[in-house]
Structure formats: structure tokens, C-alpha cells
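In my numbering, the protein residues as written are 80 to 330. Below is one structure, written out as C-alpha cells; comments come after it.
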């Protein structure tokens, strides 16, 4: 049973590692649940995966810092308001900036797990986290480039409802928080075989009430929203736990 759980935890860590290491992001924000182990009750085996995820997050942040040192200075912050060609942002340190958008110069990009995608000024909506490159005079910045940086959520939960019309699933975590995931065309979906623990491609029809799902999702700019765009999902079928808890036959 111990080897079985270690294999499962290793698989989830690999999934999360692939998600973030493929993304050429400039900044990363990752929310980590206290436990990613799909065990019915907390066990000592939850500690290693917590440490691994935290270590991964630190490595990513260190790499981000290294990249920023090699590039031109960037202003980072969250959009608090937009009006015409002016975007107001507040940095993590609380400093406020006015970013001026020049229609002939400013280019917009959105950072994704596959690289940089072209974006529009309208994508820099209120609540979005952005990075701005351009001349700065005190608190005034003229944007040459503006990068919209999604923030990610890494969690696991048990499926409570599925909706095939909207392609959404609702989950509840061990801490009783509820989330709704939008399963989109680009969502990478996997399912674990409860017999040999192998992973294979999956689809929306494989989501069943009661199954546990490990997922990486993009946070909404609306902090009060519980709806997230799923980027990666791994289904852990109920049968896995049933077999794990069933009594072992004595020889």
C-alpha cells in the first residue's frame, strides 16, 4: 500500500512540474492546498509531497528572479482601474503607477503554459496581474510591452456534480472549499488506472461524482469567483480507494 501511494504522489508531482516548467513566465503565483494526497484520512505520506511542491515553487520563483535581473526593468502589479489609454496598477509593495498605452507602440501578450500569446488591451482588465516594460518617470510609465500574467491554482478535490451541457464539474476540497472547473478544449485530461496506476488520456465523460481530481487551473481575475479554467486534470477513480481499503487476504 505504501508503494502504491508513493507512486501516485510521484505521478501528481510530475504532472505539476511539467505544467510549470514548460511556461516561460516572468512571475508565478501558486496556491497550495495543505494536502494533495488522495487519501481518505491524513497520513504521514502527505508531508513529502507538501515539501516537494513548496520546493518546486521556490525553484520557479528563483528562476523568475534570475530572468528579471537579465531583462530591462519591469513594473509589476495588479490592475485596479482602466480608463481610455490609462491603466492604473498597484505593485506588490503598494506603490501606484499610471501606465499609458500608445496605440502605435504598445504590444500586448498573455503568458500561457505553452508560451506567449497575443492579447488585446481589453485583456488587461481590472484584477489582472500585469508586467509592464517601458520608460518610467516617477509613477508614470509609457508601455512598450504589457504582459498579462495568469495566476494558477494547484489543488485536489472530490467531484460533487458534473454538467455535460456547460462542460463544468464542481468539487469540494478537504478543507470544504468548493470550486467549479471549466473543462475546455485545451484542457489536458488524464485518468489513472486503479489496477496498475498507469495514466491515459481522458475526456469529459470520464468525470464521475465521487471521483477525486488533482488539477491545475487558472485563477479568475474576480477574487470572489469560484470558477476556474482547468489547464491539467488527473482523475483518481473511486475504485482506487475501495481497493486500497479492502482487507488483504492472508496467505
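Positions of the beta carbon are idealized from the N, C-alpha and C atoms, including for glycine. Since the structure is predicted, the reported quantities are computational estimates derived from the model, not experimental observations.
Item                                                                                                                                                    : Value
Once DSSP output is grouped into helix, strand and coil, what is the label at residue 297?                                                              : strand
How about residue 284 and residue 270: are their beta carbons less than 8 Å apart?                                                                      : no
Determine, using beta-carbon pairs with one atom in the region 211-227 and one in the region 308-316, whether at least three such pairs fall under 8 Å. : no
Under three-state DSSP, which class holds residue 318?                                                                                                  : helix
Let me confirm a value: residue 173 is counted as buried when at least 16 other C-beta atoms fall within 10 Å, else exposed. Which label applies?       : exposed
Provide the residue span of the beta strand (DSSP E) that contains residue 252, from first to last.                                                     : Residue 252 -> no beta strand (DSSP E), and no H or E assigned at all.
To the nearest angstrom, how far is the alpha carbon of residue 164 from that of residue 215?                                                           : 16 Å
If you reduce the DSSP assignment to three classes, tell me which class residue 29 lands in.                                                            : Not covered by the structure: residue 29. The range shown for the chain is 80 to 330.
Looking at C-beta atoms only, is the number of pairs between the region 184-195 and the region 250-262 that lie closer than 8 Å three or more?          : no
Span of the beta strand (DSSP E) holding residue 281?                                                                                                   : Where residue 281 is concerned, there is no enclosing beta strand (DSSP E), given that its DSSP letter is neither H nor E.
Report the partner residues of residue 291 according to the DSSP bridge assignment.                                                                     : 237 and 315
What residue range is occupied by the uninterrupted beta strand (DSSP E) comprising residue 225?                                                        : 224-227
Quick one: what's residue 342 bridged to in DSSP?                                                                                                       : No information on residue 342 is available, as it lies outside the stretch 80 to 330 that the chain covers here.
So, are the CB atoms of residue 180 and residue 207 less than 8 Å apart?                                                                                : no
Going by DSSP, name the residue or residues bridged to residue 306.                                                                                     : 259
Which whole-angstrom value is the C-beta distance of residue 199 and residue 300, which I expect to be below 8 Å?                                       : The Cβ separation is near 15 Å, so there is no contact.
Apart from the five residues on each side of it in sequence, which residues of its chain come closer than 6 Å, Cβ to Cβ, to residue 249?                : 239, 240 and 259
Mind reading off the beta-carbon distance from residue 229 to residue 318? Whole number of angstroms is fine, and I expect it under 8 Å.                : Not quite, the Cβ-Cβ distance comes to about 34 Å (not below 8 Å), so this is no contact.
Tell me the DSSP secondary structure of residue 200 in three-state form.                                                                                : helix
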